[in-house]
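Engineer: Structure in structure tokens, see below.
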Amino acid sequence: MRYVARKLGFYLVAAWAALTLNFLLPQLIPGNPIEVLLAKMSQSGSVPPGEAQVLTKLLGLGTGNIFQKYWQYLDGLAHLQLGLSISDFPTPVSTEIGQSIYWTLALVGTATIISFALGIMLGTLAGWKRGSRLDAIIPSTTLLTAMPYFWLALLMLFFFASNVWHVFPQGQGYNTNSEITEGWNLPFILSAMQHALLPALTIVLSSVGGWLLGMRNMMVSTLSDDYVVAAEAKGLRQRRIMIGYAARNAVLPSVSGFAISLGFVVSGAIAMEYVFSYPGLGFKLVQAVSNNDYPLMQGIFLVITFAVLGANMVVDLLHGFIDPRTRLSR
Amino acid sequence: MTATNVVAAVAAESGGSVTGRLTGLRAAFRSPRLVAGACIVGFFLLLGILGPFFVADPNQLSHVQLAPPSLSHWLGTTQIGQDVFAQLVVSARASLLIGIGAGLLATFISVIIGISGGYAGGFIDEALSLLSNVVLVIPTLPLVIVILAYVKASGLIPLIVIIAFTSWAAAARVLRAQTLSVRNREYVLAARASGERSWRIVFVEILPNELPIIVSNFIFGMIFAILTQAVLAFIGLGDPTLLTWGNMLNIAYNDQALSVGAWWWFIPPGACIALFGMGLALINFSLDELLNPRLRVYRPAKADRSQPLVSQS
Numbered sequence: 001m002r003y004v005a006r007k008l009g010f011y012l013v014a015a016w017a018a019l020t021l022n023f024l025l026p027q028l029i030p031g032n033p034i035e036v037l038l039a040k041m042s043q044s045g046s047v048p049p050g051e052a053q054v055l056t057k058l059l060g061l062g063t064g065n066i067f068q069k070y071w072q073y074l075d076g077l078a079h080l081q082l083g084l085s086i087s088d089f090p091t092p093v094s095t096e097i098g099q100s101i102y103w104t105l106a107l108v109g110t111a112t113i114i115s116f117a118l119g120i121m122l123g124t125l126a127g128w129k130r131g132s133r134l135d136a137i138i139p140s141t142t143l144l145t146a147m148p149y150f151w152l153a154l155l156m157l158f159f160f161a162s163n164v165w166h167v168f169p170q171g172q173g174y175n176t177n178s179e180i181t182e183g184w185n186l187p188f189i190l191s192a193m194q195h196a197l198l199p200a201l202t203i204v205l206s207s208v209g210g211w212l213l214g215m216r217n218m219m220v221s222t223l224s225d226d227y228v229v230a231a232e233a234k235g236l237r238q239r240r241i242m243i244g245y246a247a248r249n250a251v252l253p254s255v256s257g258f259a260i261s262l263g264f265v266v267s268g269a270i271a272m273e274y275v276f277s278y279p280g281l282g283f284k285l286v287q288a289v290s291n292n293d294y295p296l297m298q299g300i301f302l303v304i305t306f307a308v309l310g311a312n313m314v315v316d317l318l319h320g321f322i323d324p325r326t327r328l329s330r
Numbered sequence: 331m332t333a334t335n336v337v338a339a340v341a342a343e344s345g346g347s348v349t350g351r352l353t354g355l356r357a358a359f360r361s362p363r364l365v366a367g368a369c370i371v372g373f374f375l376l377l378g379i380l381g382p383f384f385v386a387d388p389n390q391l392s393h394v395q396l397a398p399p400s401l402s403h404w405l406g407t408t409q410i411g412q413d414v415f416a417q418l419v420v421s422a423r424a425s426l427l428i429g430i431g432a433g434l435l436a437t438f439i440s441v442i443i444g445i446s447g448g449y450a451g452g453f454i455d456e457a458l459s460l461l462s463n464v465v466l467v468i469p470t471l472p473l474v475i476v477i478l479a480y481v482k483a484s485g486l487i488p489l490i491v492i493i494a495f496t497s498w499a500a501a502a503r504v505l506r507a508q509t510l511s512v513r514n515r516e517y518v519l520a521a522r523a524s525g526e527r528s529w530r531i532v533f534v535e536i537l538p539n540e541l542p543i544i545v546s547n548f549i550f551g552m553i554f555a556i557l558t559q560a561v562l563a564f565i566g567l568g569d570p571t572l573l574t575w576g577n578m579l580n581i582a583y584n585d586q587a588l589s590v591g592a593w594w595w596f597i598p599p600g601a602c603i604a605l606f607g608m609g610l611a612l613i614n615f616s617l618d619e620l621l622n623p624r625l626r627v628y629r630p631a632k633a634d635r636s637q638p639l640v641s642q643s
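Order-wise, the sequence lines are chains A and B. Okay, so the first sequence: first residue is 1 according to our numbering, each after it adds one. Okay, so the second sequence: first residue is 331 according to our numbering, each after it adds one.
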């Protein structure tokens, strides 16, 4: 119980840090951004009353000293006043995020789970058969890990979706030219899956190496432990020793390392989505940045950060559950 | 990558005696991985230092537009007739500078925070490790993107500082864990009992013993910085006047290099990043084996796990 409370406390602090960073950063903008933003908005439509106030609160540029500004900022966020998007005026930022978050969750979530499972399985085998042919390919995975995600995405696009071999659609979330409507209908889901294949492959290819290497190394370490030798001496079946004895313990650091890697995958996904024009959060973030769309930028930053924090929290609590030692030692 | 780093360090056993480490070093230098990694990294370092003196002006326009590789243009030309090879060579310098600079700064921060936290213990340790864990868990790239979008910084130094200040945490955590275990070894206790000052204990007794980890962290920091810079430049957040590999990719992508099939324009810069990163990763790979004796493949029969100890019928 104490473990759970401690973890929850930590994530509370992390969330507070993210909120505060998000408050402090806009203070760095030179000049008066509110006026610039309002001017831009009025170019593309009439600005609703109260928008100036929401923006001021959101960017932490209100009146009074820094604590009063901070309070106004938190107050605005607590009421979910995220302002209106400028690049897509006058859509509220919350709607923008709501539209794109499902795409990212479905794509990045699925690809990460596939990559994790694949990496753990291959890593177990490579560690088990150390020195074999499978183990010999391990160094080559470092090439995949060192490759920029977005460049791999460019290669994929070039080789499989355009000039060389046109088998996959070029970017976007689904076939927007046809008469497919978004929703739970078969044509849409098929089209979306077809469009997600290349981006997912990119994520899996470039993140599987890290899992594989970590698992392989832990596996090799675990295999020289006495209890594994004892299990072998008892004459247990090889499969049982590999999975039930060695892999079961070797996987623990990978689970706790999940936290850090998730941040990497999410980061990589941003540029990847940009290359594929995939309608997810990463693509929106890049668009927001190039349009100086501060409200949308802030909203997306908060959502991505909180999503990563949430996922980490779940994995951490799970880790405490599967490895009793973490609960005791804290 | 950092995950592997942490995992490896969590798994890392104690360093062993001095003689043990020396044989480890010799073994590492015999490893083909280390040699290959060092060759790749050395090649790119030379390219970055000397290369720009030998190639033509990378911004020189010409009428030979979008030409495929030929003898006069080894890697073809861009949309506006610039020589891709010259751009590639000149870009190497800035890319490497960012990698080395941000890597060094991040390592420096991680050493200060990791070792002082681990050595001091108590409240300081609690506070510093809370700080590193929070920085670690907040996804770096979105944060850097947002910072750059607000600051609108240009030039090398601000970029190096921003990347370094968001990427030191994993390394600090590894160092803290190692310091915690080194702190209570006999030789440190002996030094403390004989009344050595704490700064001396930290710099003379503890720091040298963590040097391999620090070097490994530096290498990871370098890979990370180069990749981050490449992504930032690619999505248009770089300094457009600064010629880097990421910047080349940005221009190539936006000028439709993909749809006109100008593979010589966008493949080489990414390949350079991947190759250089791989060289660094190979060095780290061998360093890992050096740090963690259990990962080394021993020649004696014990190492062969594929043969069961007790054969089954």
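Note that CB positions come from ideal geometry on N, CA and C, so glycine has one too. Computed from a predicted model, the values in this text were never measured in an experiment.
Less than 8 Å between the beta carbons of A/V275 and A/A153, yes or no?
Structural biologist: Yes, the Cβ-Cβ distance between A/V275 and A/A153 is below 8 Å.
Engineer: With a 10 Å radius around its C-beta and 16 neighbouring C-beta atoms as the bar for buried, classify A/W103 as buried or exposed.
Structural biologist: With 16 or more Cβ atoms within 10 Å of its Cβ, A/W103 is classed as buried.
Engineer: May I ask you to report which of helix, strand or coil DSSP gives B/P382?
Structural biologist: Here B/P382 sits in helix by DSSP.
Engineer: Cβ of A/L205 within 8 Å of Cβ of A/L107?
Structural biologist: In this structure, A/L107 does not lie closer than 8 Å to A/L205 by Cβ.
Engineer: For a cutoff of 8 Å on Cβ pairs, would you count B/P388 as touching chain A?
Structural biologist: It does not: the Cβ of B/P388 has no partner Cβ on chain A nearer than 8 Å.
Engineer: In whole angstroms, what is the alpha-carbon distance linking A/G214 and A/K234?
Structural biologist: In a straight line, the C-alpha of A/G214 is about 28 Å away from that of A/K234.
Engineer: Determine the closest residue to B/L541 out of B/L375, B/D618 and B/Q417, with distance taken between C-alpha atoms.
Structural biologist: Minimum Cα distance to B/L541 is reached at B/D618.
Engineer: Secondary structure at B/L396, three-state DSSP: helix, strand or coil?
Structural biologist: If DSSP states are grouped into helix, strand and coil, B/L396 belongs with coil.
Engineer: Does the beta carbon of B/A523 sit closer than 8 Å to a beta carbon anywhere in chain C?
Structural biologist: Protein chains in the displayed structure are A and B, and chain C is not among them.
Engineer: From B/L380, B/Q390, B/P398 and B/L434, pick the residue whose C-alpha is nearest to that of B/V419; which is it?
Structural biologist: The option with the nearest alpha carbon to B/V419 is B/L380.
Engineer: Are the C-beta of B/M578 and some C-beta of chain A separated by less than 8 Å?
Structural biologist: No, B/M578 lies away from the interface with chain A (no Cβ there is under 8 Å from its Cβ).
Engineer: Which residues in the same chain as B/Q409 place their Cβ atom closer than 7 Å to its Cβ, once the five residues preceding and following it in sequence are excluded?
Structural biologist: So the list reads Q395, L396 and D585, once near-sequence residues are dropped.
Engineer: By Cβ distance, which residues of its chain are closer than 7 Å to A/Y149, with the 5 residues on each side in sequence left out?
Structural biologist: Hits under 7 Å: T202, S206, G268, A271 and M272.
Engineer: Say whether the stretch 473-480 of chain B touches the stretch 286-300 of chain A, bearing in mind that this needs 3 or more beta-carbon pairs closer than 8 Å, one atom from each stretch.
Structural biologist: Counting Cβ pairs under 8 Å, three or more are found: they touch.
Engineer: For chain B, check one thing: does any of its Cβ atoms lie closer than 8 Å to the Cβ of A/G320?
Structural biologist: Chain B contact via Cβ: absent.
Engineer: Buried or exposed: A/R216, going by 16 or more other Cβ atoms within 10 Å of its Cβ?
Structural biologist: A/R216 is buried by the Cβ-count criterion.
Engineer: Expressed to the nearest angstrom, what Euclidean distance is found between the alpha-carbon atoms of B/V616 and A/E35?
Structural biologist: Rather than Val, the amino acid found at residue 616 of chain B in this sequence is Ser. Distance between the alpha carbons of B/S616 and A/E35 is about 56 Å.
Engineer: According to DSSP, simplified to helix, strand and coil, what is B/N335?
Structural biologist: In this prediction, B/N335 has a pLDDT of 43, which is less than 50 and means its spatial position is unreliable; what the coordinates show is noted afterwards. Correct three-state label for B/N335: helix.
Engineer: Can you grab the Cα-Cα spacing for the pair B/W593 / B/F415, in whole Å?
Structural biologist: Straight-line Cα distance between these residues: approximately 13 Å.
Engineer: Looking at chain B, which residues of the stretch 49-78 of chain A have a Cβ within less than 9 Å of any of its Cβ atoms?
Structural biologist: Of all residues in the stretch 49-78 of chain A, none has a Cβ within less than 9 Å of some Cβ in chain B.
Engineer: Excluding the 5 residues flanking B/G433 on each side, which residues of the same chain have their C-beta closer than 7 Å to its C-beta?
Structural biologist: Closer than 7 Å at Cβ, skipping near neighbours: F548, G551, M552 and A555.
Engineer: Can you tell me whether A/V4 is buried or exposed, with buried defined as 16 or more other CB within 10 angstroms of its CB?
Structural biologist: By the neighbour-count rule (16 or more Cβ atoms within 10 Å), A/V4 is not buried but exposed.
Engineer: Using a Cβ-Cβ cutoff of 7 Å, what residues of the stretch 299-312 of chain A are near chain B? List them in chain order.
Structural biologist: Listed in sequence order: F301, I304, T305, V308, L309 and N312.
Engineer: Looking at the structure shown, is A/D88 part of a helix, part of a strand, or coil, going by DSSP?
Structural biologist: Three-state DSSP puts A/D88 in coil, outside helix and strand.
Engineer: What does the alpha-carbon distance come out to for the pair A/T142 and A/L125?
Structural biologist: Distance between the alpha carbons of A/T142 and A/L125 is about 18 Å.
Engineer: Got a sec: which bits of the stretch 114-147 of chain A sit with their beta carbon under 7 Å from any beta carbon on chain B, in order along the chain?
Structural biologist: Residues W128, K129, R130, G131, S132, P139, T142, L143, T145, A146 and M147.
Engineer: Distance cutoff 8 Å, beta carbons only. Does A/G83 sit that close to anything in chain B?
Structural biologist: No - not a single Cβ of chain B is within 8 Å of the one on A/G83.
Engineer: Kindly list, in the order they appear in chain B, the residues whose Cβ is closer than 7 Å to that of A/Y274.
Structural biologist: Within chain B, the residues near A/Y274 are I565.
Engineer: Leaving out the 5 sequence neighbours to the left and right, which residues in its chain are closer than 7 Å to B/W404 when beta-carbon positions are compared?
Structural biologist: Result list for B/W404: F415, in chain order.
Engineer: Label A/L333 either buried or exposed according to how many other C-beta atoms from any shown protein chain fall within 10 Å of its C-beta, with 16 as the threshold for buried.
Structural biologist: Coverage of chain A is limited to positions 1 through 330, which leaves residue 333 of chain A absent and any answer about it impossible.
Engineer: Look at B/S440 and B/A502 and say whether their C-beta atoms are less than 8 Å apart.
Structural biologist: For B/S440 and B/A502, yes; Cβs fall inside 8 Å.
Engineer: What's the C-alpha gap between A/W151 and B/I543?
Structural biologist: Between A/W151 and B/I543, the C-alpha separation is close to 30 Å.
Engineer: Beta carbon of A/V251: closer than 7 Å to some heavy atom of the ligand HEM?
Structural biologist: What this structure holds is no ligand at all, so the ligand HEM is not there to describe.
Engineer: Can you tell me where the alpha helix (DSSP H) holding B/E535 begins and where it ends?
Structural biologist: That residue, B/E535, is in no alpha helix (DSSP H); it is neither H nor E in DSSP.
Engineer: Let me make sure I understand the geometry here. Which of A/V228, A/G9 and A/A161 has the alpha-carbon closest to that of A/I243?
Structural biologist: Residue A/V228 is the option with its Cα nearest to A/I243.
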